[in-house]
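Trainee: Just so you know, the sequences run in chain order Y and U. If you're matching positions, the first sequence starts at 57 in the numbering used here and goes up one per residue. If you're matching positions, the second sequence starts at 57 in the numbering used here and goes up one per residue. Starting off with a structure, shown below.
2 protein chains.
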Amino acid sequence: MNVTIKDIAKEANVSYSTVSKALNNSPLVKEVTKQKILRVAKEMGYEPNLAAKQLVRKKTEVVGLIWPTIERIVLATLVTNISKAFESTRYSMILSVDSTDTAMETFKKFQVDGMIVFAESEQMIPEENIPLVAYGVSGKREVTYPIIDANHEQAMEKAVQYLYDLGHRNIAYVGLMNTDDALQNEKVEGYQKAMKKIGLTEQSIATNGLDWFDGYLAVDDVLQLGKRPTAIIGSSYDISGGILRSLQEKGLGVPDDISLISYDNIPQMETTEIPMTCIGVPVDELAEEIVQAVIQRIESEEQPVVRKLNPSLTERQSTGPVLEG
Amino acid sequence: MNVTIKDIAKEANVSYSTVSKALNNSPLVKEVTKQKILRVAKEMGYEPNLAAKQLVRKKTEVVGLIWPTIERIVLATLVTNISKAFESTRYSMILSVDSTDTAMETFKKFQVDGMIVFAESEQMIPEENIPLVAYGVSGKREVTYPIIDANHEQAMEKAVQYLYDLGHRNIAYVGLMNTDDALQNEKVEGYQKAMKKIGLTEQSIATNGLDWFDGYLAVDDVLQLGKRPTAIIGSSYDISGGILRSLQEKGLGVPDDISLISYDNIPQMETTEIPMTCIGVPVDELAEEIVQAVIQRIESEEQPVVRKLNPSLTERQSTGPVLEG
DNA sequence: AAAATTAATAACAACGTTGTTATTTTTATG
DNA sequence: CATAAAAATAACAACGTTGTTATTAATTTT
């Protein structure tokens, strides 16, 4: 049997309500008794009973994260970071890999205080009176829950501008396009707009998928473009990894012969063959933002809003100025 | 406010204890009243309060799964399958990606009935009076909790035997070796033993890592072996994928010029460029086994044992008989 | 049709907390 | 040094269930 506040009370010769207050660090109990109770509690190995607490307080201080497509690894780093971000709050996080519906059922059963949903599509999530925050493409629809999204357009603009400033004029984009993946589409469109804005002609290479090898293969096409690009923007960590490898194998120096900048701002960019310059909302920042959003929504019933986070560019060794041949 | 059994009781003109019994389908309540109560409950949208139930019953019917290294995707399919396997039980599953310690804390707070731990190393997990089952390399140590493991040795033996029966005599193994990854080591050793047993000379190619590209690169080495192998055993899904692609690119027909068999028995093997013959414990089976193990351990205090599951070979189109040149 | 038996329902005490109200103890005040 | 005020502690009713025990209603049995 587990030890309860009543056991502590007996041991410490106080009433159990005093124990409760002491454990919650209430100012209503004298410092010395508080200390004694705390000591006794520790000695007895007291562990509060969440169910009991929850029953009276109607709060769990737990947030559920719904991640239905676990097998697409892209988000793993984000999950890890969110999990970490929760550590400095009074909330803890649990994860479900079930379908959104099933997961929501489970979380409702648990009476989590809030949920984070990785929204794959622009499809609406039925909100069942548990505060909810979505991470994903915001689109243009009305919202009934906050959506955290990245400003992909701005990201591409920054990337292009950065390369332009380094002297690059032929900048190619490599990534998935013309599918119904709203996120990928936003990226290409962002690139196209940015190029237009700055007065350059776009040159994009469509890949077949989102994997490493798709980037690896795309380099052949890139090198056959009319004007050979001096810089490439890879649409994701995996894609860019493949591009980098292929360039190396073809004897093209990065960044001397060709500069490479990758979308996705994750720490892993540091540890590629050549540390990669990248653009995107840093994951830790993103995670922090998401966590804050749920907590705020839980605690203050705030209005749902779409937040487009600003990307930042992290300069590493895969980019450099155009060298005169 | 949520509707409780007391609300239902009022509405149905019975006592709340009768409602409780009716909802739990007790034989103590008359069929007609039971039906009425059930109907009223449904109409009112009743959702049982887990915390209250838990408080009196001291059971949550929830199992926690600890998966600290989420970023290594290999296990994702297994997680998905475990999650699915729980659906047909009365338990549900939640997931934590925290470190084993932190996750165990959270789960203890939640008072889960049991835990599944993906044990990375052979390191011991401190068992804190919550029934625990580990999935991972069993090693030779004493156990205080059940460990579910695959019989890697037998797997390799089956694979080699299968290829032998098809006429292959030069069978190469491609995979990570000589690192401190216990699982990978077991695989190579299994291969070596199997070859020896059947009287063939082993030819293995060590990769640098566990990724797709490591397999892709390894093919060059394979083809430079003294006796060119007629069959390759790839050590994992990713590795084998790389091997397959490289063979294709080099114009080597699979399985006509060279047979390929992969470790890992997951459904994805069906959808590679050429559907792959594979060896291993089928994930769904593995998942089922793990789930059964926790449940048994929760419900019957059974003795901890190491269970080595038998792998099975799934024949697809990447393997065939040796063709006389 | 009264007594005994069985079936159906109701009452109520748990479970381990929190938060409010009541009581006691201590300290300050005239 | 009584008395009022403040501080500390204790008592107790929630919270929404389950499971046990008590009560009432419906059947048998004689």
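Where a beta carbon is used, it is the ideal one built from N, C-alpha and C, also for glycine. Every value quoted in this text rests on a predicted model; they were computed, and no experiment measured them.
#1: For P323 (chain Y) and L121 (chain Y), what's the separation of their Cα atoms in angstroms?
#2: Under 7 Å between the Cβ atoms of V244 (chain Y) and I288 (chain Y)?
#3: What three-state label does DSSP hand S260 (chain Y) in the structure shown?
#4: How would you label L84 (chain Y), buried or exposed, when you count the other beta carbons within 10 angstroms and need 16 or more for buried?
#5: So, is the C-beta of L106 (chain Y) closer than 7 Å to a C-beta in chain U?
#6: Show which residues of chain Y have a CB atom less than 8 Å away from the CB atom of L300 (chain U).
#7: Is the shortest distance between the beta-carbon of K165 (chain Y) and the beta-carbons of chain U less than 7 Å?
#8: Hey, V59 (chain Y) and Y102 (chain Y): beta-carbon distance below 7 Å or not?
#9: Contact defined as beta carbons within less than 8 Å: I believe N321 (chain Y) pairs with G298 (chain Y). What is the distance between those atoms, to the nearest angstrom?
#10: Between L111 (chain Y) and chain U, is the shortest Cβ-Cβ distance under 7 Å, so that the two count as touching?
#11: Could you compute how far the alpha carbon of N81 (chain Y) sits from the alpha carbon of Q210 (chain U)?
#12: Comparing the C-beta of I351 (chain U) with each C-beta of chain Y, is any distance below 7 Å?
#13: Applying the criterion that 16 or more other CB atoms from any shown protein chain within 10 Å of the CB defines a buried residue, is S318 (chain U) buried or exposed?
#14: Should the segment 110–120 of chain Y be regarded as contacting the segment 104–117 of chain U, the criterion being three or more beta carbon pairs within less than 8 Å?
#15: For the segment 251–278 of chain Y, list every residue whose C-beta sits within 7 Å of some C-beta in chain U, in sequence order.
#16: Using a Cβ-Cβ cut-off of 8 Å (strictly less than) and excluding sequence neighbours within five positions of D205 (chain Y), which residues of its own chain qualify?
#17: Could you round the C-beta distance between T162 (chain Y) and S148 (chain Y) to whole angstroms and report it? I think they count as a contact, below 8 Å.
#18: For F174 (chain Y), write down the residues that DSSP places opposite it in a beta bridge.
#19: Is there contact here, the segment 261–274 of chain U with the segment 226–240 of chain U, by at least three beta-carbon pairs under 8 Å?
#20: Would you list the one or two residues that DSSP bridges to K383 (chain U)?
#21: Use the C-beta contact count for P124 (chain U): other C-beta atoms within 10 angstroms, 16 or more gives buried, fewer gives exposed.
#22: Name the chain Y residues that come within less than 9 Å of T162 (chain U), Cβ to Cβ?
#23: Assuming L134 (chain U) contacts L342 (chain U) under a Cβ cut-off of 8 Å, what Cβ separation, rounded to an integer in Å, is found between them?
#24: I need the boundaries of the beta strand (DSSP E) containing N321 (chain U), first residue and last residue.
#25: Please classify Y95 (chain Y) as buried or exposed, where buried requires at least 16 other C-beta atoms within 10 Å of its C-beta.
#26: Report the CB separation of L281 (chain Y) from Q259 (chain Y) in whole angstroms; it is logged as a contact under 8 Å.
#27: Report yes or no: is there a C-beta of chain U within less than 7 Å of the C-beta of S139 (chain Y)?
#28: List the endpoints of the continuous alpha helix (DSSP H) containing V339 (chain Y).
#29: Could you work out which residue in Y:G255, Y:D277 and Y:K253 is closest to A262 (chain Y) when comparing CA atoms only?
#30: Within 10 angstroms of the Cβ of R284 (chain Y), are there 16 or more other Cβ atoms? Answer buried if so, exposed if not.
#31: On the CB-based measure, 16 or more other CB atoms within 10 Å of its CB, does T116 (chain U) come out buried or exposed?
#32: Cβ atoms of T328 (chain Y) and T375 (chain Y): under 7 Å apart, would you say?
#33: Mind checking L379 (chain Y): buried by the 16 CB within 10 Å criterion, or exposed?
#34: Distance check for S144 (chain U) and K90 (chain U), CA to CA, integer angstroms please.
#35: With distances taken Cα to Cα, identify the nearest neighbour of P367 (chain Y) among Y:E358, Y:F166 and Y:D340.
#36: Taking the beta carbon of D294 (chain Y) as the centre, do at least 16 other beta carbons fall within 10 Å, making it buried, or is it exposed?
Mentor: Looking at the coordinates:
#1: The residue labelled residue 323 (chain Y) in the question sits at position 267 within the first sequence. The residue labelled residue 121 (chain Y) in the question sits at position 65 within the first sequence. Spanning the two alpha carbons is a distance of roughly 22 Å.
#2: Looking up residue 244 (chain Y) in the first sequence gives position 188. Looking up residue 288 (chain Y) in the first sequence gives position 232. Cβ distance not < 7 Å, so V244 (chain Y) and I288 (chain Y) don't count as in contact.
#3: In the first sequence, the residue the question calls residue 260 (chain Y) occupies position 204. The answer is strand: DSSP assigns S260 (chain Y) an E or B state.
#4: Within the first sequence, residue 84 (chain Y) is the residue found at index 28, counting from 1. Flag for L84 (chain Y) reads exposed.
#5: Taking the first sequence and counting its residues from 1, one reaches residue 106 (chain Y) at position 50. Under the Cβ distance rule, L106 (chain Y) counts among the residues neighbouring chain U, one pair being separated by less than 7 Å.
#6: Locating residue 300 (chain U) in the second sequence gives position 244, counting from the first residue. Here the premise fails: no neighbours, minimum Cβ distance about 11 Å.
#7: By one-based count along the first sequence, residue 165 (chain Y) stands at place 109. So yes, K165 (chain Y) belongs to the interface.
#8: Mapped onto the first sequence, residue 59 (chain Y) falls at position 3. Mapped onto the first sequence, residue 102 (chain Y) falls at position 46. With contacts defined as CB atoms closer than 7 Å, V59 (chain Y) and Y102 (chain Y) qualify as a contacting pair.
#9: Sequence index remark: in the first sequence, residue 321 (chain Y) carries index 265 (1-based). Sequence index remark: in the first sequence, residue 298 (chain Y) carries index 242 (1-based). About 18 Å separates the two Cβ atoms, so there is no contact after all.
#10: Numbered from 1 along the first sequence, position 55 holds the residue referred to as residue 111 (chain Y). Judged by the 7 Å Cβ criterion, L111 (chain Y) is in contact with chain U.
#11: Taking the first residue of the first sequence as 1, we reach residue 81 (chain Y) at position 25. Taking the first residue of the second sequence as 1, we reach residue 210 (chain U) at position 154. Approximately 59 Å between the Cα atoms of the pair.
#12: Taking the second sequence and counting its residues from 1, the one referred to as residue 351 (chain U) is at position 295. No, its Cβ sits nowhere closer than 7 Å to a Cβ of chain Y.
#13: Indexing the second sequence from 1 puts residue 318 (chain U) at position 262. So S318 (chain U) counts as buried.
#14: Because the criterion of three Cβ pairs below 8 Å is met, the segment 110–120 of chain Y and the segment 104–117 of chain U touch.
#15: W268 and F269
#16: Taking the first residue of the first sequence as position 1, residue 205 (chain Y) is located at position 149. The residues are Y191, G192, V193, S194, V362, R363, K364 and L365.
#17: Residue 162 (chain Y) sits at position 106 when you count from the first residue of the first sequence. Residue 148 (chain Y) sits at position 92 when you count from the first residue of the first sequence. About 16 Å separates the two Cβ atoms, so there is no contact after all.
#18: Position 118 of the first sequence, counted from the start, is the residue given in the question as residue 174 (chain Y). Partner(s): Y:Y191.
#19: yes
#20: The question about residue 383 (chain U) has no answer here: the residues shown for chain U are numbered 57 through 381.
#21: In the second sequence, residue 124 (chain U) corresponds to position 68, counting from 1. When all chains shown are included, P124 (chain U) counts as buried.
#22: Position 106 of the second sequence, counted from the first residue, corresponds to residue 162 (chain U). Within 9 Å Cβ-Cβ: V118, S148, M149 and I150.
#23: Residue numbering aside, residue 134 (chain U) sits at position 78 when the second sequence is read from its first letter. Residue numbering aside, residue 342 (chain U) sits at position 286 when the second sequence is read from its first letter. At roughly 6 Å, the Cβ-Cβ gap stays under 8 Å, so L134 (chain U) and L342 (chain U) are in contact.
#24: Mapped onto the second sequence, residue 321 (chain U) falls at position 265. Here the beta strand (DSSP E) through N321 (chain U) covers S315 to N321.
#25: Here residue 95 (chain Y) refers to the residue found at position 39 of the first sequence. For the record, residue 95 (chain Y) in the displayed sequence is Arg; it is not Tyr. Counting Cβ neighbours within 10 Å, R95 (chain Y) comes out exposed, since fewer than 16 surround it.
#26: Taking the first sequence and counting its residues from 1, one reaches residue 281 (chain Y) at position 225. Taking the first sequence and counting its residues from 1, one reaches residue 259 (chain Y) at position 203. Between Q259 (chain Y) and L281 (chain Y) the Cβ distance is about 5 Å, and since that is below 8 Å, they are a contact.
#27: Mapped onto the first sequence, residue 139 (chain Y) falls at position 83. Taking Cβ atoms only, chain U reaches closer than 7 Å to S139 (chain Y), which makes this a yes.
#28: Within the first sequence, residue 339 (chain Y) is the residue found at index 283, counting from 1. Its alpha helix (DSSP H) spans residues V339 to S356.
#29: Along the first sequence, read from residue 1 onward, the residue named residue 262 (chain Y) stands at position 206. The shortest Cα separation from A262 (chain Y) among Y:G255, Y:D277 and Y:K253 belongs to Y:D277.
#30: In the first sequence, residue 284 (chain Y) corresponds to position 228, counting from 1. That one is exposed.
#31: Translated into the one-based positions of the second sequence, residue 116 (chain U) becomes position 60. So T116 (chain U) counts as buried.
#32: Here residue 375 (chain Y) corresponds to residue number 319 of the first sequence, with the count starting at 1. Here residue 328 (chain Y) corresponds to residue number 272 of the first sequence, with the count starting at 1. Going by C-beta atoms, T375 (chain Y) is not nearer than 7 Å to T328 (chain Y).
#33: Along the first sequence, read from residue 1 onward, the residue named residue 379 (chain Y) stands at position 323. Exposed, by the Cβ-count rule.
#34: In the second sequence, residue 90 (chain U) corresponds to position 34, counting from 1. In the second sequence, residue 144 (chain U) corresponds to position 88, counting from 1. Between K90 (chain U) and S144 (chain U), the C-alpha separation is close to 26 Å.
#35: Here residue 367 (chain Y) is taken as the residue at index 311 of the first sequence, counted from 1. With distances taken between Cα atoms, P367 (chain Y) lies closest to Y:D340.
#36: Here residue 294 (chain Y) is taken as the residue at index 238 of the first sequence, counted from 1. Buried, since its Cβ has 16 or more Cβ neighbours within 10 Å.
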